[in-house]
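There are 2 protein chains.
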Amino acid sequence: MATIDDVARAAGVSISTVSYALSGKRSIKESTRNRVLDAAAHLGYLPNASARTLAANRSQIFAVTAPLHPDTDHSAHMVFAMEVTKAARDLDYDTLLLVHNDALDGMKRSAATSLADGIIVLDVDAHDPRADLARQLACPVVFIGVPEDTTGLVCVDLDFEAAAALAVDRLVAAGRKRIGLISHPEETLSRESNFPLRFLHGFERHVAELGIEHVEITPRTHRGLEAVEDVLDAMPDVDGLVLNTNVDVASSVGAALALHGKSVPTDVSVIAAGVTFSTARFPVPFDTIPLDAHASCSAAVEMLARIVETSASLPETTLIPPTYIDQGSVAPAFGHAPTPAR
Amino acid sequence: MATIDDVARAAGVSISTVSYALSGKRSIKESTRNRVLDAAAHLGYLPNASARTLAANRSQIFAVTAPLHPDTDHSAHMVFAMEVTKAARDLDYDTLLLVHNDALDGMKRSAATSLADGIIVLDVDAHDPRADLARQLACPVVFIGVPEDTTGLVCVDLDFEAAAALAVDRLVAAGRKRIGLISHPEETLSRESNFPLRFLHGFERHVAELGIEHVEITPRTHRGLEAVEDVLDAMPDVDGLVLNTNVDVASSVGAALALHGKSVPTDVSVIAAGVTFSTARFPVPFDTIPLDAHASCSAAVEMLARIVETSASLPETTLIPPTYIDQGSVAPAFGHAPTPAR
DNA sequence: CTGTTAGCGCGTTCAT
DNA sequence: ATGAACGCGCTAACAG
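Sequences listed follow chains A and B, in order. Residues in the first sequence are numbered from 86 upward in steps of one, following my numbering. Residues in the second sequence are numbered from 86 upward in steps of one, following my numbering.
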């Protein structure tokens with residue numbers, strides 16, 4: 086490969102001139118700069134990554150720790166990893182993938198060796214060991230997700246409590262009075278993956294505030310049928326349903342309701358909330374309050390870049406407000422004059 | 086961070102002694118070596134990645150290019166990326182993720198800047214632009230998948246043709262005489278994603294050799310029902326079915342057959358072949374010839390490491406022999422004395 | 001506006 | 001078996 090020396094020689098200037106002409110960190114006469122640029126392009130010159138890193142003390146690499154639990158949704162996982170990577174590239178960073186048992190050690194390693202300038206943490210549990218580690222590391226860390234103790238941490242995530250409240254509000258605005266929630270499987274909750282809990286709390290708080298009849302279900306299987314039947318057992322005349330669950334369960338809820346003679350949206354209005362998947366191609370599409378990977382990831386990456394580049398960080402948690410996608414699965418209850426949603 | 090100088094001082098030796106004590110590239114007296122190791126452990130010393138890279142001309146990083154097409158299966162994608170990453174870590178390499186429109190440029194960049202020691206290519210098309218690029222790059226590249234022109238390339242993949250033949254053989258051994266193949270959606274085939282084509286060819290060749298009645302179907306939807314109906318339209322008395330298709334279609338094939346009064350395995354014996362997903366939790370599990378991500382990825386990563394570390398590469402394509410997982414979805418046809426499978 | 005030069009931290013050759 | 005010293009390619013402080 087061509088080095089900066091080759092370019093300098095070809096352009097008839099010194100190597101610092103080449104460096105500055107390419108980085109733009111100080112002004113160079115238009116004509117000489119063009120000569121440098123031409124020479125660089127001609128030689129196909131790109132600065133050696135490690136030399137640049139060593140000298141500038143910056144690698145332009147973010148590490149991404151993404152452990153895989155038995156119950157994690159590979160598809161959602163990939164989407165987050167990709168969105169982080171895309172957002173990072175937009176800011177001129179590459180991303181190193183840290184997985185499996187290396188999710189924790191990899192954080193230490195990439196920080197201690199100055200491999201990475203910063204670390205993005207995915208799939209955060211309530212009591213995530215990576216939270217403690219992040220507090221010890223000198224390396225900047227941003228969490229996509231919120232552990233229980235956020236002291237000293239920078240976190241970004243959908244506002245799941247607000248998402249749950251928004252779902253309830255929409256159903257209530259449509260005159261729905263008996264609301265069921267289908268949550269995540271027990272195994273996910275017990276691992277204390279954090280967002281289902283936050284959604285659950287938001288739901289409970291809001292229905293309590295509004296004095297709404299409600300029931301919460303944890304699916305025993307990966308199918309919607311049993312979940313729907315659990316809801317109907319507990320609340321036969323349910324007229325509103327919130328789905329904060331995985332795609333396997335959610336995709337078969339429509340058929341399960343139909344099987345029990347309940348139509349969507351008339352008998353039961355349904356909203357999928359805090360979910361990464363689209364319901365657009367479901368047999369029955371649902372109104373959705375998405376967990377928007379793009380929004381979370383680009384926000385997180387931008388924060389991390391800012392922290393790295395300005396070394397100014399105020400630890401704080403950023404909650405992204407929920408948005409609402411109408412697919413026609415919520416309709417006014419019989420005899421109910423719809424009130425405007427909040 | 087502690088530098089090698091700190092360790093040298095703490096151990097009362099020179100930096101080269103530290104370097105050799107840690108790398109083991111030349112022998113050091115037991116006692117001094119232990120002093121060095123202790124000092125290093127005590128200081129939490131890890132060599133600076135870029136300094137090490139600059140001096141050794143090796144980054145211990147592999148780049149992984151994994152573009153995402155509209156029809157790619159996120160879940161399978163993630164599994165491959167993870168398996169590559171795990172295999173790489175086992176050999177002391179980290180992996181850089183290259184996605185989206187950066188899949189091609191990223192290859193150039195990571196090679197030209199010496200960011201990566203080698204490149205793993207995922208999701209290979211028949212006419213993949215990354216194949217030409219790989220031929221030009223000085224950087225070692227291994228493909229997981231096989232493009233049409235493999236001249237000068239190193240490729241690793243499941244032997245899809247053998248997998249198709251194995252599926253046919255198993256059905257024939259069970260006395261099945263009219264075999265249907267449900268392939269991938271048209272959009273996947275037309276992009277010339279390569280493995281469905283290779284599977285298709287293997288299937289066609291082998292049924293032709295054996296003189297077996299057969300029919301091939303390309304699903305029009307993402308559901309098994311229409312696909313099964315297409316098969317039944319073309320071949321009402323089908324008694325063997327090979328599924329080389331996506332999880333959405335495959336998971337609903339069992340129910341679709343039942344709906345048309347066909348039982349598995351008696352009326353129709355079914356094999357899923359060349360698929361990344363497990364059918365174990367399907368309503369009706371199928372015998373499976375898996376596309377084993379772990380096998381392909383660790384083989385590819387080991388080859389790449391070998392090429393990087395010995396700079397000895399003979400371009401060649403390695404096809405991994407298919408394996409068979411019995412789930413009870415294949416049974417002898419009525420009146421057929423089962424013959425031993427090959 | 002441009003050139004000179006001192007490191008960045010480590011691997012490795014050459015001496016001893 | 002150990003140490004001294006050079007150089008990897010680049011950035012940035014300093015000098016003009």
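Yeah, the Cβ is synthetic: ideal placement off N, Cα and C, and Gly gets one too.
(request) Measure the beta-carbon distance from arginine 263 (chain A) to valine 323 (chain A) and round it to whole angstroms, keeping in mind my assumption that it falls under 8 Å. (result) Taking the first sequence and counting its residues from 1, the one referred to as residue 263 (chain A) is at position 178. Taking the first sequence and counting its residues from 1, the one referred to as residue 323 (chain A) is at position 238. Rounded, the Cβ-Cβ distance is 5 Å, consistent with contact.
(request) Mind checking the segment 237–265 of chain A against chain B and listing, in chain order, the residues whose C-beta falls within less than 8 Å of any C-beta there? (result) Under the 8 Å Cβ criterion, the segment 237–265 of chain A contributes no residue.
(request) On the DSSP bridge assignment, give the partners of histidine 299 (chain A) in chain order. (result) As a working mapping, residue 299 (chain A) is identified with position 214 in the first sequence. According to DSSP, histidine 299 (chain A) bridges with A:Ile264.
(request) Mind checking who leucine 181 (chain A) pairs with in its DSSP beta bridge? (result) One-based indexing of the first sequence puts residue 181 (chain A) at position 96. According to DSSP, leucine 181 (chain A) bridges with A:Ala148 and B:Leu181.
(request) Quick one: which residues of the segment 189–208 of chain A get their C-beta closer than 8 Å to a C-beta of chain B? List them in chain order. (result) Considering only beta carbons, the part of the segment 189–208 of chain A lying closer than 8 Å to chain B consists of Gly191, Arg194, Ser195, Ala197, Thr198, Ser199 and Leu200, in chain order.
(message) Taking the straight line between their C-alpha atoms, what separation do you get for isoleucine 374 (chain B) and asparagine 186 (chain A)?
(response) The residue labelled residue 374 (chain B) in the question sits at position 289 within the second sequence. The residue labelled residue 186 (chain A) in the question sits at position 101 within the first sequence. Going by the C-alpha atoms only, they are around 28 Å apart.
(request) Determine, using beta carbons only, whether threonine 150 (chain A) and valine 206 (chain A) come nearer to each other than 7 Å. (result) Start at 1 with the first residue of the first sequence, and residue 150 (chain A) comes out as number 65. Start at 1 with the first residue of the first sequence, and residue 206 (chain A) comes out as number 121. The answer is yes: Cβ separation under 7 Å.
(request) Using beta-carbon positions only, say whether alanine 358 (chain B) and valine 338 (chain B) come within less than 7 Å of one another. (result) Translated into positions along the second sequence, residue 358 (chain B) becomes position 273. Translated into positions along the second sequence, residue 338 (chain B) becomes position 253. The answer is no: Cβ separation not under 7 Å.
(request) Please check if any C-beta of chain A sits within less than 7 Å of the C-beta of arginine 143 (chain B). (result) Along the second sequence, read from residue 1 onward, the residue named residue 143 (chain B) stands at position 58. So, not an interface residue.
(message) Starting from proline 214 (chain A), trace the alpha helix (DSSP H) in both directions and tell me its first and last residue.
(response) On the first sequence, residue 214 (chain A) is found 129 positions in, with the first residue counted as 1. Where proline 214 (chain A) is concerned, the enclosing alpha helix (DSSP H) stretches over 214–221.
(message) What residue range does the beta strand (DSSP E) around cysteine 240 (chain B) cover?
(response) Numbered from 1 along the second sequence, position 155 holds the residue referred to as residue 240 (chain B). Segment 239–243, the beta strand (DSSP E) holding cysteine 240 (chain B).
(message) Give me the chain B residues within the contact set of histidine 269 (chain A), using Cβ-Cβ distance strictly less than 9 Å, ordered along the chain.
(response) Mapped onto the first sequence, residue 269 (chain A) falls at position 184. Under the 9 Å cutoff, chain B gives no residues; its nearest Cβ is about 17 Å from histidine 269 (chain A).
(request) Provide the residue(s) that pair with proline 375 (chain B) in DSSP beta bridges, ordered along the chain. (result) Stepping through the second sequence from its first residue, residue 375 (chain B) is reached at position 290. According to DSSP, proline 375 (chain B) bridges with B:Val360.
(request) Find the nearest neighbour of valine 349 (chain A) within the set A:Pro417, A:His291, A:Lys114 and A:Thr361, judged by alpha-carbon distance. (result) On the first sequence, position 264 is the one that residue 349 (chain A) refers to. Sorting A:Pro417, A:His291, A:Lys114 and A:Thr361 by C-alpha distance to the C-alpha of valine 349 (chain A) places A:Pro417 at the top.
(message) Tell me which residue opens and which closes the alpha helix (DSSP H) that valine 121 (chain B) is part of.
(response) If you number the second sequence from 1, residue 121 (chain B) lands on position 36. Start and end: 115–128.
(request) Within 10 angstroms of the Cβ of asparagine 142 (chain B), are there 16 or more other Cβ atoms? Answer buried if so, exposed if not. (result) Position 57 of the second sequence, counted from the first residue, corresponds to residue 142 (chain B). Answer is exposed; the Cβ neighbour count stays below 16.
(message) Any beta carbon of chain B sitting closer than 7 Å to that of serine 135 (chain A)?
(response) Numbered from 1 along the first sequence, position 50 holds the residue referred to as residue 135 (chain A). For serine 135 (chain A), the answer is yes, since a Cβ of chain B falls inside 7 Å of its Cβ.
(message) Assuming phenylalanine 228 (chain A) is part of the beta strand (DSSP E), what are its boundary residues?
(response) For this step, residue 228 (chain A) is matched to residue 143 along the first sequence. Unbroken beta strand (DSSP E) run through phenylalanine 228 (chain A): 226–229.
(message) For a quick check, are the C-beta atoms of leucine 128 (chain A) and aspartate 91 (chain A) less than 7 Å apart?
(response) On the first sequence, position 43 is the one that residue 128 (chain A) refers to. On the first sequence, position 6 is the one that residue 91 (chain A) refers to. Contact: yes.
(message) Less than 7 Å between the C-beta atoms of aspartate 210 (chain A) and serine 278 (chain A), yes or no?
(response) On the first sequence, position 125 is the one that residue 210 (chain A) refers to. On the first sequence, position 193 is the one that residue 278 (chain A) refers to. The answer is yes: Cβ separation under 7 Å.
(request) Using the Cα positions of leucine 218 (chain A) and arginine 255 (chain A), report the straight-line distance between them to the nearest angstrom. (result) Against the first sequence, residue 218 (chain A) aligns to sequence position 133. Against the first sequence, residue 255 (chain A) aligns to sequence position 170. In this structure, the CA atom of leucine 218 (chain A) is about 40 Å from the CA atom of arginine 255 (chain A).
(request) Label proline 406 (chain A) either buried or exposed according to how many other C-beta atoms from any shown protein chain fall within 10 Å of its C-beta, with 16 as the threshold for buried. (result) Stepping through the first sequence from its first residue, residue 406 (chain A) is reached at position 321. Around the beta carbon of proline 406 (chain A), fewer than 16 other beta carbons lie within 10 angstroms, which makes this residue exposed.
(message) Quick check: is the beta carbon of valine 184 (chain A) nearer than 7 Å to any beta carbon in chain B?
(response) In the first sequence, the residue the question calls residue 184 (chain A) occupies position 99. Valine 184 (chain A) counts as touching chain B.
(message) Between the alpha carbons of proline 400 (chain A) and leucine 183 (chain A), how many angstroms are there, rounded?
(response) Position 315 of the first sequence, counting from 1, holds the residue named residue 400 (chain A). Position 98 of the first sequence, counting from 1, holds the residue named residue 183 (chain A). Cα to Cα, proline 400 (chain A) sits roughly 23 Å from leucine 183 (chain A).
(message) What does the alpha-carbon distance come out to for the pair leucine 317 (chain B) and serine 354 (chain B)?
(response) For the purposes of this step, residue 317 (chain B) is taken as residue 232 along the second sequence, with counting starting at 1. For the purposes of this step, residue 354 (chain B) is taken as residue 269 along the second sequence, with counting starting at 1. About 14 Å.
(message) Between the alpha carbons of arginine 427 (chain A) and histidine 286 (chain A), how many angstroms are there, rounded?
(response) The residue given as residue 427 (chain A) occupies position 342 in the first sequence. The residue given as residue 286 (chain A) occupies position 201 in the first sequence. With a pLDDT of only 47 at arginine 427 (chain A), under the threshold of 50, the placement of this residue in the model should not be trusted; the figure read from the coordinates follows. If you take the alpha carbons of arginine 427 (chain A) and histidine 286 (chain A), they lie about 20 Å apart.
(message) Which residues of the segment 318–344 of chain B have a Cβ closer than 7 Å to any Cβ of chain A? Give them in chain order.
(response) none
(request) Report buried or exposed for alanine 365 (chain B), applying the criterion of at least 16 other Cβ atoms within 10 angstroms of its Cβ. (result) As a working note, residue 365 (chain B) is residue 280 in the second sequence. Classification for alanine 365 (chain B): exposed.
(message) On the DSSP bridge list, what partners appear for leucine 326 (chain A)?
(response) Against the first sequence, residue 326 (chain A) aligns to sequence position 241. In DSSP, leucine 326 (chain A) forms a bridge with A:Gly265 and A:Val355.
(message) Just to make sure I have the definition right: I need the residues of chain A whose C-beta is within less than 9 Å of the C-beta of serine 278 (chain B). Which are they?
(response) Residue numbering aside, residue 278 (chain B) sits at position 193 when the second sequence is read from its first letter. Within 9 Å Cβ-Cβ: nothing; serine 278 (chain B) doesn't reach chain A, min ~17 Å.
(message) Between lysine 114 (chain A) and chain B, is any beta-carbon pair separated by less than 7 Å?
(response) What you label residue 114 (chain A) is simply residue 29 of the first sequence in a count that begins at 1. So no, lysine 114 (chain A) is outside the interface.
(message) Quick check on DSSP: helix, strand or coil for leucine 176 (chain A)?
(response) Mapped onto the first sequence, residue 176 (chain A) falls at position 91. In the structure shown, leucine 176 (chain A) sits in coil (DSSP, three-state: anything other than H, G, I, E or B).
(message) Once DSSP output is grouped into helix, strand and coil, what is the label at glycine 287 (chain A)?
(response) Within the first sequence, the letter at position 202 stands for residue 287 (chain A). Of the three classes helix, strand and coil, the one that applies to glycine 287 (chain A) here is helix, per DSSP.
(message) Which of the three DSSP states is assigned to valine 169 (chain A) in this structure?
(response) The residue given as residue 169 (chain A) occupies position 84 in the first sequence. It is helical.
(request) For alanine 166 (chain A), go through chain B and note every residue whose CB falls closer than 8 Å to its CB, in chain order. (result) Numbered from its first residue, the first sequence carries residue 166 (chain A) at position 81. Within chain B, the residues near alanine 166 (chain A) are Met163, Ala166 and Leu182.
(message) Using C-beta distances below 8 Å, list every residue in its chain close to alanine 408 (chain A), excluding the 5 sequence neighbours before and after it, in chain order.
(response) In the first sequence, counting from the first residue as 1, residue 408 (chain A) sits at position 323. The displayed chain sequence assigns threonine, not alanine, to residue 408 (chain A). If we look at threonine 408 (chain A) and ignore the five residues flanking it on each side, its Cβ neighbours are Ile374, Pro375 and Asp377.
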